[in-house]
Amino acid sequence: MDFGTLIDAAVGGALSVMLGNTPLVVPNANQLQPSQPDCVEVGPVRIVGSVRPQNFDVGYRPDGVRIAFDSKTLTDHESVGKNRQNMINDLATEATTVHSRFPSAVVGSVVAITVPCLTPGARTNAIVGTLARLGGRGLVDGPNHRAEAVSLVSWDTATGHVDPNLPEPQSPLRIERFSADVYRCQHARFQGLPPHAT
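Take the position in the sequence shown, starting the count at 1, then add 10; the result is the number in my numbering.
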């Protein structure tokens, strides 16, 4: 099961509803503009920012980037050990790429790691702490490398259940907070403005 694809579809669907049932479309990888003037794209969304061109998993860009979302999944101990720092660097670069060119954009990320890979200890604490520091960009003039919404999902591949205790229930990384964080920032910056009104 490709958990990242499920996350992308869920985030795209939720954004569509939040934006007034905006149509969902699959982006054309060869175009830098959406195929429709007002749509939520789910698939490889190409965004040219200030650092490098970057593909995101979900995007809303009616008049420039308003929302960019990316999911990351790590499914075994080896991939967590080898790829966690690259993943952290990617998340910071993605946010910088978008924010330095589109400072009002809302950037969100969900990191999904299987339960066996997040055993208590220094490695798990480092992952949780670093992800928490990469999120929470509440103001347009906040640090470019931080995203507005970041969530960590620890899931059991056998049952499909999300761990209710990691991250801790009060953590800003809880998936239950993700939609509210995106909505709060999007509403504060665009205040329900229609596309092409900014």
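Glycine included, C-beta positions come from ideal geometry on N, C-alpha and C. What you are looking at is a predicted structure, and each value in this text was computed from that prediction instead of being measured.
Close beta carbons around residue i, own chain, < 7 Å, minus the five adjacent residues each side
i      : result
PRO182 : ALA142, GLY145 and GLY146
GLY74  : PHE112
ASP191 : GLU158 and ALA159
ILE17  : SER81, VAL120 and ALA122
THR140 : ILE98
Own chain partners of residue i with C-beta closer than 8 Å, once the 5 adjacent residues on each side are dropped
i     : result
THR32 : LEU25, SER26, ASP48, CYS49, VAL50 and TYR70
With 16 other Cβ atoms within 10 Å as the buried cut-off, status of residue i
i      : result
LYS82  : buried
GLN196 : buried
THR208 : The predicted model places THR208 with a pLDDT of 49, which falls under 50 and marks its position as unreliable; any figure quoted below should be read in that light. Exposed, by the Cβ-count rule.
ASN135 : exposed
ARG62  : exposed
ASN99  : exposed
PRO174 : exposed
LEU29  : buried
PRO130 : exposed
Beta-carbon proximity list for residue i, same chain, < 6 Å, skipping 5 on both sides
i      : result
GLY53  : VAL36 and PRO37
ILE185 : SER161 and VAL163
Proximity of residue i and residue j at Cβ, strictly below 8 Å
i      : j      : result
THR3   : GLY59  : Residue 3 is absent from the model: the chain starts at 11 and stops at 208.
HIS109 : VAL121 : no
ALA105 : ILE77  : no
VAL138 : PRO177 : yes
GLY22  : VAL68  : yes
CYS127 : HIS87  : yes
ARG199 : VAL150 : yes
Integer-rounded CB distance, given that residue j should sit under 8 Å from residue i
i     : j     : result
LEU84 : ARG94 : 7 Å
LEU34 : ARG56 : Going by Cβ atoms, the distance from LEU34 to ARG56 rounds to 17 Å, so no, they are not a contact pair.
Proximity test, Cβ basis, 8 Å: residue i and chain B
i      : result
LEU101 : The question asks about chain B, but that chain is absent: this structure has only one protein chain.
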